[in-house]
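Chains F and X are the protein sequences, given in the same order. The first sequence finishes on residue 590 if you use this note's numbering, and the numbering steps up by one all the way, no holes. The second sequence finishes on residue 636 if you use this note's numbering, and the numbering steps up by one all the way, no holes. Cβ coordinates follow ideal geometry from the N, Cα and C atoms, glycine included. Please read all numbers here as calculations on a predicted model, not as lab measurements. The next block holds one structure in the form of structure tokens; read it before the comments.
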Amino acid sequence: MTAVRKFDAIVVGAGGSGMRAALELARANLRVAVLSKVFPTRSHTVAAQGGIAAPLANSTEDNWHWHMYDTVKGADYLGDQDAIEYMCRRAVEVVVELEHMGMPFDRLENGKIYQRPFGGHTQDYGGNKMAMRACAAADRTGHAMLHTLYQQNVRANTQFLVEWMALDLVLDPQDGAVVGVTALEMETGELFLLQAKSVLLATGGAGRIYWATTNAFINTGDGLGMVARAGLPLQDMEFWQFHPTGVAGAGVLITEGVRGEGGYLLNKNGERFMERYAPNAKDLASRDVVSRAMTTEIKEGRGCGPDADHVLLKLDHLGPEVIMQRLPGIREIAIKFANVDPIRDPIPVVPTVHYQMGGIPTNFMGQVVAPEGNSKEAIVPGLYAAGECACVSVHGANRLGTNSLLDLLVFGKSSGEQMLKDMHALPRAQRNLPKDAGEATRARLARLDGAASGERVVDVLNDLRRVMQAHCGVFRFPDDLQAGVAKVKEIAARSQNVFIADKSRVFNTARVEALELENLVETAVSTAVSAEARRESRGAHTREDFPGRDDKVWMKHTLWYKEGNRLDYKPVHLRPLSVETMEPKVRTY
Amino acid sequence: MKLSIYRYNPDKDAKPYLQDYEVVLDHSDRMLLDALVKAKAQDDTLAFRRSCREGVCGSDAFNVNGKNRLACITKLAELPDHVTVRPLPGLPVIRDLIVDMTQFFKQYHSVKPYVINNDPPPERERLQSPQERDELNGLYECILCACCSTACPSFWWNPDKFVGPAGLLQAYRFLADTRDQATSERLDNLEDPYRLFRCHTIMNCVDVCPKGLNPTKAINHIKEMLVKRAV
Numbered sequence: 002m003t004a005v006r007k008f009d010a011i012v013v014g015a016g017g018s019g020m021r022a023a024l025e026l027a028r029a030n031l032r033v034a035v036l037s038k039v040f041p042t043r044s045h046t047v048a049a050q051g052g053i054a055a056p057l058a059n060s061t062e063d064n065w066h067w068h069m070y071d072t073v074k075g076a077d078y079l080g081d082q083d084a085i086e087y088m089c090r091r092a093v094e095v096v097v098e099l100e101h102m103g104m105p106f107d108r109l110e111n112g113k114i115y116q117r118p119f120g121g122h123t124q125d126y127g128g129n130k131m132a133m134r135a136c137a138a139a140d141r142t143g144h145a146m147l148h149t150l151y152q153q154n155v156r157a158n159t160q161f162l163v164e165w166m167a168l169d170l171v172l173d174p175q176d177g178a179v180v181g182v183t184a185l186e187m188e189t190g191e192l193f194l195l196q197a198k199s200v201l202l203a204t205g206g207a208g209r210i211y212w213a214t215t216n217a218f219i220n221t222g223d224g225l226g227m228v229a230r231a232g233l234p235l236q237d238m239e240f241w242q243f244h245p246t247g248v249a250g251a252g253v254l255i256t257e258g259v260r261g262e263g264g265y266l267l268n269k270n271g272e273r274f275m276e277r278y279a280p281n282a283k284d285l286a287s288r289d290v291v292s293r294a295m296t297t298e299i300k301e302g303r304g305c306g307p308d309a310d311h312v313l314l315k316l317d318h319l320g321p322e323v324i325m326q327r328l329p330g331i332r333e334i335a336i337k338f339a340n341v342d343p344i345r346d347p348i349p350v351v352p353t354v355h356y357q358m359g360g361i362p363t364n365f366m367g368q369v370v371a372p373e374g375n376s377k378e379a380i381v382p383g384l385y386a387a388g389e390c391a392c393v394s395v396h397g398a399n400r401l402g403t404n405s406l407l408d409l410l411v412f413g414k415s416s417g418e419q420m421l422k423d424m425h426a427l428p429r430a431q432r433n434l435p436k437d438a439g440e441a442t443r444a445r446l447a448r449l450d451g452a453a454s455g456e457r458v459v460d461v462l463n464d465l466r467r468v469m470q471a472h473c474g475v476f477r478f479p480d481d482l483q484a485g486v487a488k489v490k491e492i493a494a495r496s497q498n499v500f501i502a503d504k505s506r507v508f509n510t511a512r513v514e515a516l517e518l519e520n521l522v523e524t525a526v527s528t529a530v531s532a533e534a535r536r537e538s539r540g541a542h543t544r545e546d547f548p549g550r551d552d553k554v555w556m557k558h559t560l561w562y563k564e565g566n567r568l569d570y571k572p573v574h575l576r577p578l579s580v581e582t583m584e585p586k587v588r589t590y
Numbered sequence: 406m407k408l409s410i411y412r413y414n415p416d417k418d419a420k421p422y423l424q425d426y427e428v429v430l431d432h433s434d435r436m437l438l439d440a441l442v443k444a445k446a447q448d449d450t451l452a453f454r455r456s457c458r459e460g461v462c463g464s465d466a467f468n469v470n471g472k473n474r475l476a477c478i479t480k481l482a483e484l485p486d487h488v489t490v491r492p493l494p495g496l497p498v499i500r501d502l503i504v505d506m507t508q509f510f511k512q513y514h515s516v517k518p519y520v521i522n523n524d525p526p527p528e529r530e531r532l533q534s535p536q537e538r539d540e541l542n543g544l545y546e547c548i549l550c551a552c553c554s555t556a557c558p559s560f561w562w563n564p565d566k567f568v569g570p571a572g573l574l575q576a577y578r579f580l581a582d583t584r585d586q587a588t589s590e591r592l593d594n595l596e597d598p599y600r601l602f603r604c605h606t607i608m609n610c611v612d613v614c615p616k617g618l619n620p621t622k623a624i625n626h627i628k629e630m631l632v633k634r635a636v
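In structure tokens:
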């Protein structure tokens with residue numbers, strides 16, 4: 002039998018959104034547990050660098066309408082405009098709150114929060130002037146934010162279950178309501194059933210499905226796997242952001258804030274090539290635009306280095322003072338991972354997988370939604386999702402820089418608020434757990450522990466990452482996509498026959514990695530299948546055979562189901578909450 | 406290269422031992438963490454923590470040839486051909502390179518690591534000049550990897566009573582924040598023969614900090630504040 006522990010609410014993941022939600026829940030007198038595979042300050046929010054978007058207008062004129070316009074356009078009109086309005090209107094509130102919590106933002110001479118320009122942030126609805134909207138703590142904004150949120154949770158006495166991995170959702174077969182999760186306590190190797198009235202998934206991204214990624218080892222799409230196995234859909238999984246500036250060969254992120262501060266990209270001829278691709282915004286065009294331009298430069302033979310396989314990010318002209326004051330972390334990374342001191346020399350960079358725009362479909366209160374009966378967006382009782390694992394969708398087909406940290410705060414907070422509200426309407430007593438609760442998880446663990454032979458986890462994982470890199474990149478080709486789907490399905494089958502030599506209980510990281518592989522596989526299959534089916538180019542999804550955006554047919558969200566790799570679609574929310582619809586236009590920067 | 410790695414699995418080992426791994430490096434292997442990942446690919450029973458692989462999450466602090474370091478930003482090129490990797494010293498070992506950090510975090514929590522300000526929050530941000538904000542530099546960047554505290558003999562002797570360099574660095578981070586109003590409460594909390602004054606300026610913490618921070622300097626600032634308060 003699996004031991005049962007009871008809570009009112011469970012938060013899975015202790016990154017920015019999970020810990021922001023936990024703060025809301027801490028205000029009520031509830032039994033709440035926050036699970037995390039790692040100590041909370043090790044969550045990947047820690048690696049965010051450049052800033053968090055909010056139209057504070059501390060340095061340039063700005064307002065939420067302009068921020069909303071930039072986000073809708075940046076999303077290439079696949080974002081839900083109600084959710085985008087909601088996020089932009091709450092931006093100032095959540096950032097000011099974060100400052101009050103103790104966030105060490107950089108400051109302007111007048112004592113207000115320092116803000117820098119970022120890609121796609123404009124004044125006056127895409128006008129020629131950039132807006133300074135990215136609130137920054139040097140180039141360590143994510144680190145400062147994650148620690149601040151953890152500190153507030155320490156103050157609020159939040160109960161953390163540190164180094165626990167959630168494995169599967171537990172559903173009530175009566176109505177599909179989520180009534181808990183199964184989870185592994187890594188230190189003891191013991192499996193638990195954590196019963197709860199509501200469960201928030203805040204498990205972050207899954208960039209480890211690619212070979213070259215800015216993502217941490219822990220970013221394995223655990224929430225996505227849990228949802229897929231529960232028979233619920235994943236939305237818009239074909240949209241993966243390639244960040245223009247990952248350190249060539251190492252994958253480590255170099256913030257867009259470098260270009261915000263005035264850095265720019267050069268090809269082998271020393272040409273500032275972004276002037277050709279985006280005459281207005283140049284190096285501060287949207288990330289999809291810059292990544293395509295860089296890839297084209299490299300493909301056409303204008304890359305740098307002996308293998309002509311990267312371009313250069315020049316920032317020495319900013320001077321040592323700006324670099325030391327505003328970009329000290331970048332300098333550290335460049336010296337360590339690229340062997341260059343950016344005070345003197347440019348940094349070799351390539352587009353590198355960074356962020357998933359898709360994820361678990363939710364509304365802007367964090368409630369998970371899925372098609373049922375006549376509705377495309379019926380609420381799944383008891384289940385919530387926030388942060389990178391969720392698809393609200395505010396980022397649509399391409400996320401703007403600094404909107405991710407904002408997403409964590411706004412939707413972390415709104416999910417926490419909604420969970421409290423929903424919980425008040427529920428009976429005090431917990432539902433009974435279904436008889437077979439935890440059975441699926443026990444079967445998975447039994448298979449792993451029982452296997453006497455099979456493939457190594459690391460070999461299957463590396464093949465998966467290579468296939469995704471080769472078949473689902475910045476530019477996508479029809480043959481590659483089709484072959485990619487077949488190969489990923491093959492790897493999915495192989496992943497069911499992996500073998501781990503380590504059968505021990507205490508801190509068995511081999512078992513954890515095998516379980517993570519299953520989640521990565523669900524993520525990769527959903528990506529490949531969704532990408533192959535979308536016959537247009539929009540945002541980060543660029544097809545050689547369908548180079549244009551097709552609003553008539555394809556202005557819709559993809560929904561992928563694990564069972565039979567079935568696809569469904571649902572309309573984009575074009576109507577905002579209070580303003581006029583922002584009509585799709587040709588997207589230039 | 407040859408790695409000698411500390412192994413201990415309480416499920417089966419009566420006592421710890423060193424296990425040797427021969428790892429073949431290629432040009433994409435830059436850091437010690439890359440070599441450890443390769444060793445784990447040979448032997449999945451090897452257990453260690455790791456996450457961001459860029460020196461900001463603080464997961465992979467180990468004792469490398471006698472010095473506490475983060476594996477992910479320790480360049481292989483700067484290491485000899487034979488490297489011995491042990492868990493951080495002074496903390497209970499759970500398994501292999503994984504230590505129990507409960508005591509370390511308990512000390513961190515004991516300094517009330519959050520801004521305390523009981524004024525009603527203003528509608529907008531609290532103001533702070535760039536110079537005031539600069540006071541937090543060298544403090545807020547701490548990643549809680551525990552390299553410093555587990556290199557500190559005073560922390561080894563009294564991990565339950567001495568806050569340790571990491572906790573004290575954070576204690577000063579909040580004393581130095583102009584938005585914080587709990588200065589005297591914070592100083593009361595530290596004015597103790599053990600909590601603060603077990604620091605004997607050995608400066609191992611400064612020597613090992615992978616982020617280049619200086620806990621000793623922060624500790625001296627706290628001591629100065631206590632002296633000023635007394636006179």
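Coarse secondary structure for residue i, derived from DSSP in three states
i, result
"F:Q124", "coil"
"F:D284", "helix"
"X:T583", "coil"
"F:W1", "Because chain F spans 2 through 590 in this model, residue 1 of chain F falls outside it and cannot be assessed."
"F:Q160", "coil"
"X:I499", "strand"
"F:Q357", "strand"
"F:A114", "Looking at the sequence itself, residue 114 of chain F is Ile, so the reference to Ala does not match. In the structure shown, F:I114 sits in a strand (DSSP, three-state: E or B)."
"F:E322", "helix"
"F:H311", "strand"
Spatially closest choice to residue i from the options, by CA coordinates
i, options, result
"F:R156", "F:T204, F:Q116, F:T183 and F:G103", "F:G103"
"X:G463", "X:D565, X:I548 and X:V490", "X:I548"
"X:Y422", "X:L532, X:L502, X:D539 and X:R591", "X:L502"
"F:G485", "F:H472, F:Y590 and F:V587", "F:H472"
"F:R535", "F:G252, F:V554 and F:A49", "F:V554"
"F:L482", "F:M469, F:I492, F:A494 and F:A493", "F:M469"
"X:V498", "F:P548, F:F508, F:G565 and F:R588", "F:F508"
Proximity test, Cβ basis, 9 Å: residue i and chain X
i, result
"F:G330", "yes"
"F:D503", "yes"
"F:P245", "no"
"F:P105", "yes"
"F:M152", "Reading the sequence as shown, one finds Gln at residue 152 of chain F and not Met. At least one chain X Cβ lies under 9 Å of F:Q152."
"F:I492", "no"
"F:V507", "yes"
"F:M133", "no"
"F:G639", "In the structure displayed, chain F extends from 2 to 590; residue 639 of chain F sits before or after that span and is not available."
"F:H574", "no"
Within-9 Å CB hit, residue i to chain F
i, result
"X:T452", "Going by the sequence as given, residue 452 of chain X is Ala instead of Thr. Chain F, which has a Cβ nearer than 9 Å to the Cβ of X:A452, makes this yes."
"X:N414", "yes"
"X:I410", "no"
"X:H514", "yes"
"X:R491", "no"
"X:N522", "yes"
"X:V428", "no"
"X:Q586", "no"
Rounded straight-line distance, which links the Cα of residue j to that of residue i
i, j, result
"F:F274", "F:K130", "20 Å"
"F:A453", "F:F500", "7 Å"
"F:Q152", "F:D464", "40 Å"
"F:G402", "F:I299", "23 Å"
Sheet register partners of residue i (DSSP bridge)
i, result
"F:G247", "F:L254 and F:V351"
"X:S409", "X:D425 and X:T489"
Interface flag, residue i vs chain B, CB-CB below 9 Å
i, result
"F:R260", "In the displayed structure, chain B is absent; the protein chains listed are F and X."
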